[in-house]
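See structure below.
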Amino acid sequence: MISFQKNYDVEIPPTGAPGEMAYGKKQRITSALRDLTNGELDNTRRRAPRPVQFSQVHPAEDIDTGLKSKDETSVIRRLHSPDVADIDDMQLAIAEDIHASLLKTQAFLVASKRFPPEISTSMRNILVDWMIEVAEEYKLVPETLFLSVMYTDVCLQEMNIHRSELQLLGTTCIMVAAKYEEIYAPPIDELCYITDNSYTRSQIIKMERAVLKCLEFSLTRTTVNTFLTFYLSRIHTSTRCSSLAAFLAELTLMCQTFLDFTPAVVATAAIFLAEYNLSDARPRILELDLFELLDNNQLTRCIESMNKEFASYDAEKFHALHEKYSSQKYNEVATVVAKGNPLAMLKQKCTIQRGAGRPNEQNIHREV
């Protein structure tokens, strides 16, 4: 039984533990997920903590979205690289309007330090790594992956998911995101196959109903990939830099810390670190006027956290992510070694004197 906080219940037939995936090289991650599902946690994995409520924050509510209260239109109209002078004014205006709308409507999850009952951080990390593997196997676009993980997080907050249903939830969220984003979504039979037929068509369909009810059929979400694609198109960076930025963005999917930051902030931090680690030149992302829109204090914390995760990146822990970005297709960016302190360069752009502007527009760089 999956019970909802919104007073509706959906019956899900009992399931067995997810088995190993049917295609060879993908057995290890699903096997680890199965071990966690069966409660066979080793000493390196934390036990599932006590239940703590999560809250989904909508942009319409009175919350801190990481944006400043400036005239967004005037600032966004300067949101383009100085050397791109041949862009049609009408196309630029449309892009500006879209960006302004994305900044206003981006929703993000305010997560506590713990997950709901029976779902530990390790279990979620293994699930997301497996979802990355599935997305790569079926050549799904990046937005499908980011949407599916976002759907999963929302459902984990709103629904009481048993550990035996965790892979079922992830599989179903991939299907829902693919139906929304892809031209051709993977058939249900294929989704059953990748779980080694641990779940039936009927179970996936019933879980799909549960997911859609939980999301209130609101499938349009602003993800990190949305802003990442937009910003990379503005600075016209190298393909290697774009690959590293995408790698860092997907790395944040498996780190609960980054649920506290808005998608725009995470995307900006990923591009900044990608440029910083691949070149000694000043990152071109700094030439955009994003820093007049984003909360630089939040951006600084995000860059600091992302650089820490990048520097301590464990290839064994994130097996699918490492395998994906170690390939020539993605310029082998998983082998890039993180540089030291990137905040010194950011400080030159972000620091302003105390007292400038209105109190809610102050942006004092946190000394590190």
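Okay, so the sequence shown: first residue is 1 according to UniProt numbering, each after it adds one.
Glycine included, each C-beta is placed from N, C-alpha and C at the ideal position.
- Here DSSP, grouped into helix, strand and coil, assigns Met159 to strand.
- In the structure shown, the three-state DSSP call for Leu294 is strand.
- Rounded to the nearest whole angstrom, the CA to CA distance from Ile204 to Cys302 is 36 Å.
- Within 10 angstroms of the beta-carbon of Gln328 lie fewer than 16 other beta-carbons, which makes it exposed.
- For Ala320, same chain residues with a beta-carbon under 7 Å away, outside a window of 5 residues either side, are Ile29, Asp129, Trp130, Ile132, Glu133 in chain order.
- Between Leu166 and Leu212, the C-beta spacing is not below 7 Å.
- Under the rule that a run must span 4 or more residues, the alpha helix (DSSP H) segments found entirely inside the UniProt domain "Cyclin-like" (226 to 308) read 239 to 253, 263 to 278.
- In the displayed model, Leu127 falls within a helix according to three-state DSSP.
- Two segments are said to touch when three or more pairs of C-beta atoms, one from each, lie closer than 8 Å; by this definition the segment 242 to 258 touches the segment 303 to 323.
- Shown here for Ala177: same chain residues with a beta carbon closer than 7 Å to its own, the five before and five after excluded, namely Thr144, Leu147, Ser148, Tyr151 in chain order.
- In its chain, beyond the 5 residues on either side, Pro263, Ala264, Ala267 have a beta carbon closer than 6 Å to the beta carbon of Phe227.
- In this structure, DSSP gives Glu143 a helical state, which the three-state scheme calls helix.
- Considering only Thr335, Leu290, Arg240, Asp260, the residue with the shortest C-alpha distance to Ala100 is Leu290.
- For Thr222, there is no enclosing alpha helix (DSSP H), as DSSP gives it neither H nor E.
- The Cβ atoms of Ile235 and Ile194 do not sit closer than 7 Å to each other.
- For Ala178, the enclosing alpha helix (DSSP H) covers residues 166 to 181.
- Closest in alpha carbon position to Asp295, among Ala281, Ala269, Lys317, Leu278, is Ala269.
- With respect to Asn225, Pro142 sits close: the two C-beta atoms are nearer than 7 Å.
- Boundaries of the alpha helix (DSSP H) around Tyr193: 188 to 194.
- A direct Cα-Cα distance of roughly 14 Å separates Ser233 from Glu275.
- With contacts defined as CB atoms closer than 7 Å, Arg209 and Ile188 fail to qualify as a contacting pair.
- By the Cβ-count criterion, Arg221 is buried, with 16 or more other Cβ atoms from all chains shown falling within 10 Å of its own Cβ.
- Within the same chain, Cβ atoms closer than 6 Å to the Cβ of Ala334 are found at His322, Tyr325, Ser326, the five residues on either side in sequence being excluded.
- Distances from the alpha-carbon of Thr239 to those of Tyr330, Asp280, Leu288 put Tyr330 closest.
- Using a Cβ distance threshold of 7 Å, Cys214 and Glu158 count as a contacting pair.
- A residue is called buried when at least 16 other Cβ atoms come within 10 angstroms of its Cβ; Ala344 does not meet this threshold and is exposed.
- According to the DSSP assignment, Gln106 belongs to no alpha helix (DSSP H), since it is labelled neither H nor E.
- Distance from the CA atom of Met306 to the CA atom of Glu216, rounded to whole angstroms, is 32 Å.
- DSSP places Gln328 outside any alpha helix (DSSP H), giving it a letter other than H or E.
- Its Cα nearest to that of Glu181, the residue Leu140 stands out among Glu190, Val154, Phe230, Leu140.
- When C-alpha distances from Glu332 are compared across Glu292, Leu278, Asn160, Leu293, the shortest belongs to Leu278.
- If you look at Ser120, you'll find it isn't in any alpha helix (DSSP H); DSSP assigns it neither H nor E.
- A straight-line Cα-Cα distance of about 34 Å links Ile174 and Pro283.
- Look at Ser101 here: in three-state DSSP terms it is helix.
- Around Leu253, the same chain offers Val128, Val149 as residues with beta carbons nearer than 6 Å, after the five sequence neighbours per side are excluded.
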